[in-house]
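Trainee: My questions will all concern the structure given below.
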DNA sequence: AACAGGGGTCGGCATTGTCGAACGACGCTC
DNA sequence: GAGCGTCGTTCGACAATGCCGACCCCTGTT
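Chains as they are written, first to last, in our numbering: chain A, 5 to 264; chain B, 5 to 264.
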């Protein structure tokens, strides 16, 4: 039997986490056999794990259909994570001001599993209906936040670099070499942009939030309609770039100061 | 050795969940020995679980201090839970309207471990700064949401009924018998109130959201300053009570209709 | 009425996680 | 600055633990 390199990754916990991820990915309820088939585990095994997860409130079971879904306890854990998260805490003050000054929505994100996790979101300051995106996961290569995180984060692993890039609009960067080139440009100029590469009609500008050592621990972006955020060359307006970069620097300073 | 009544609650997963709860309760970072002492487990055991939780992103370790805290993956799971949660989905439409009509903040909650979990929160429609309370856990006996859930939920277990009620202000109901009496009144009138029992200066009115069978699966409340929400007898204004009850009934109907 | 498909249960086996002691690093005190 | 205490981490042995796969029951369908 294969023996793990590092000792003691608790198998059942890994499996439980895989089940939770599966339930989160397929938004909706999943049956026992679906889960056991997806993870290639025996039904009985999955059932035992599910019952345990249910008893601690991490999953719930629909009594009529018998299907499983995520449980309420996770919501509380997630919000507790936000309370502890230092990046978010430091970004709170500055992002409000940034949204007010630019008149656009502001989002703060961090890297997770080569995707971008939104940890803070300030609505565009107008009366329009907007949905809170905190907790959402975005593909890194298709949004301004992600590009900055890729550019200033650790180098991608072999496995990551060989995965194809998914396209979302006609201008999403799907060519790996083109992306590498753009990330170089991002490093040179110190900020990233994204014009209709994720959502049609939307553009964004992002800058890195760096902790001691220079590695990016997060990013902050301003996002809004292309016609407001960009000039007539479809390039982000300089004032927005400047303001995002200022906010990012301010937060970086606070993060550094808090620990050193 | 004690043998569990139902077979197969996976021990390591229960322990992992206990660790996560501990990390959530003590907001902040915890050391390995603190955790192992709190749960009365061997250091090595806790370490193995923590490493596994870390590898799946449920906890993070501060590289400088070595202490552990909740991880980013939980945020995503929590927000995924919100996506699936049917109570919240149905409440979305009605709570916005309720907030607009009453001019006050609206919250929707559900029962969890004999406390109240906030699953939706609409800010009071003015420019004041408010913090999102989704994911927060409140004591059931001290808020309007909780009283409704207690009144229309399953009867409390022996263990629950013998726990003392914590006081938060001078008027918090801390006497178990007084609470029972008030819950009876809530059942009679179909709604609950709370005047400065949780936060000084704040009052709230709540009504039950019931699924098929009549059991409350959630509750919705309007919350605001006492002087706005109540009349000069410090009783909630009738118009607010009516509106909350209407919203609750509408959501209940949708929930029932969705399944039957 | 028979069948298919779902969730749930059970007991035996060996894999798996647990324990406790020992290690190395750090920081504090004297 | 040497010693001590504390903390996170590693390791190996043991056996308790959780895993597997066959079996059961129920519901809905053909």
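Each residue gets a CB set at the ideal place from its N, CA and C atoms; glycine is no exception.
Residue 245 of chain B to residue 211 of chain B, Cα distance in whole Å?
Mentor: Cα to Cα, the separation comes out at about 8 Å.
Trainee: Please state the DSSP three-state secondary structure of residue 72 of chain B.
Mentor: It is a strand residue.
Trainee: Check whether the Cβ atoms of residue 144 of chain B and residue 166 of chain B sit closer than 9 Å, and answer yes or no.
Mentor: In this structure, residue 166 of chain B does not lie closer than 9 Å to residue 144 of chain B by Cβ.
Trainee: Check each residue of the segment 52-66 of chain A: if its Cβ is closer than 7 Å to any Cβ of chain B, include it; give the result in chain order.
Mentor: Residues passing the 7 Å Cβ filter: 52, 53, 55, 56, 57, 59, 60, 61, 62.
Trainee: In the DSSP output, which residue or residues are listed as bridge partners for residue 135 of chain A?
Mentor: Per DSSP, none; premise fails for residue 135 of chain A.
Trainee: Please report the residue range of the beta strand (DSSP E) in which residue 125 of chain A lies.
Mentor: 119-126 is the span of the beta strand (DSSP E), which, as asked, contains residue 125 of chain A.
Trainee: What residue range is occupied by the uninterrupted alpha helix (DSSP H) comprising residue 16 of chain B?
Mentor: Looking at the DSSP string, the run of the alpha helix (DSSP H) that includes residue 16 of chain B is 15-29.
Trainee: Keeping to the same chain, check which residues put their C-beta closer than 7 Å to that of residue 61 of chain A; ignore five residues upstream and five downstream.
Mentor: Closer than 7 Å at the Cβ level, and outside the excluded window around residue 61 of chain A, lie 75, 76, 77.
Trainee: Along chain A, in chain order, which residues have C-beta atoms closer than 7 Å to that of residue 18 of chain B?
Mentor: Going along chain A in sequence order, the residues near residue 18 of chain B (Cβ under 7 Å) are 56, 60.
Trainee: Look at the alpha carbon of residue 164 of chain B and the alpha carbon of residue 158 of chain B, and state the distance between them as a whole number of angstroms.
Mentor: Those two C-alpha atoms are separated by around 12 Å.
Trainee: In three-state terms, what does DSSP make of residue 149 of chain B?
Mentor: Helix, per DSSP.
Trainee: Which residues in chain B sit within 9 Å of residue 40 of chain A, going by Cβ to Cβ distance?
Mentor: Per Cβ cutoff of 9 Å: no residues; residue 40 of chain A is ~15 Å from chain B at best.
Trainee: Go ahead and pull the three-state DSSP assignment for residue 182 of chain B.
Mentor: Correct three-state label for residue 182 of chain B: helix.
Trainee: Taking the C-alpha atoms as reference points, what is the distance between residue 17 of chain A and residue 82 of chain A?
Mentor: One C-alpha to the other measures close to 18 Å.
Trainee: Applying the 10 Å Cβ sphere with the 16-neighbour rule, what's the burial state of residue 102 of chain A?
Mentor: Looking at its Cβ environment, which holds 16 or more other Cβ atoms inside 10 Å, residue 102 of chain A is buried.
Trainee: Counting only C-beta atoms, is residue 13 of chain A closer than 9 Å to chain B at any point?
Mentor: Yes, residue 13 of chain A counts as interfacial toward chain B.
Trainee: Quick check on this structure: which residue in B:47, B:25, B:52, B:48 has the alpha carbon closest to the alpha carbon of residue 14 of chain A?
Mentor: When only C-alpha atoms are compared, the closest one is B:52.
Trainee: Do three or more CB pairs link the segment 138-154 of chain B to the segment 213-227 of chain B at distances below 8 Å?
Mentor: The segment 138-154 of chain B is in contact with the segment 213-227 of chain B.
Trainee: In chain order, what residues of the same chain have a beta carbon less than 8 Å from the beta carbon of residue 23 of chain B, not counting five sequence neighbours either side?
Mentor: Contacts found: 39, 43, 50, 53, 54, 57, 63.
Trainee: Cutting at 7 Å between CB atoms, please list the residues of its own chain near residue 33 of chain A, excluding the five before and the five after it.
Mentor: Around residue 33 of chain A: 66, 69, 71, 72, 73.
Trainee: Please report the straight-line C-alpha distance between residue 217 of chain B and residue 256 of chain B, rounded to a whole angstrom.
Mentor: For residue 217 of chain B and residue 256 of chain B, the distance between alpha carbons rounds to 11 Å.
Trainee: Opposite residue 65 of chain B in the DSSP bridges: which residues?
Mentor: Answer is B:72, bridged to residue 65 of chain B.
Trainee: 9 Å is my cut-off, CB to CB: does residue 31 of chain A come that close to chain B?
Mentor: For residue 31 of chain A, the answer is yes, since a Cβ of chain B falls inside 9 Å of its Cβ.
Trainee: Considering Cα atoms alone, identify which of B:194, B:187, B:230 is closest to residue 214 of chain B.
Mentor: Ranking the options by Cα distance to residue 214 of chain B, first place goes to B:194.
Trainee: Tell me whether residue 257 of chain A sits in a helix, a strand or coil according to DSSP, three-state version.
Mentor: In this structure, residue 257 of chain A counts as helix in the three-state DSSP scheme.
Trainee: What is the rounded straight-line gap between the Cα of residue 161 of chain A and the Cα of residue 118 of chain A?
Mentor: Residue 161 of chain A and residue 118 of chain A: Cα-Cα distance of roughly 10 Å.
Trainee: Using 10 angstroms around the beta-carbon of residue 104 of chain A, count the other beta-carbons present and answer buried if the total reaches 16, otherwise exposed.
Mentor: By the neighbour-count rule (16 or more Cβ atoms within 10 Å), residue 104 of chain A is not buried but exposed.
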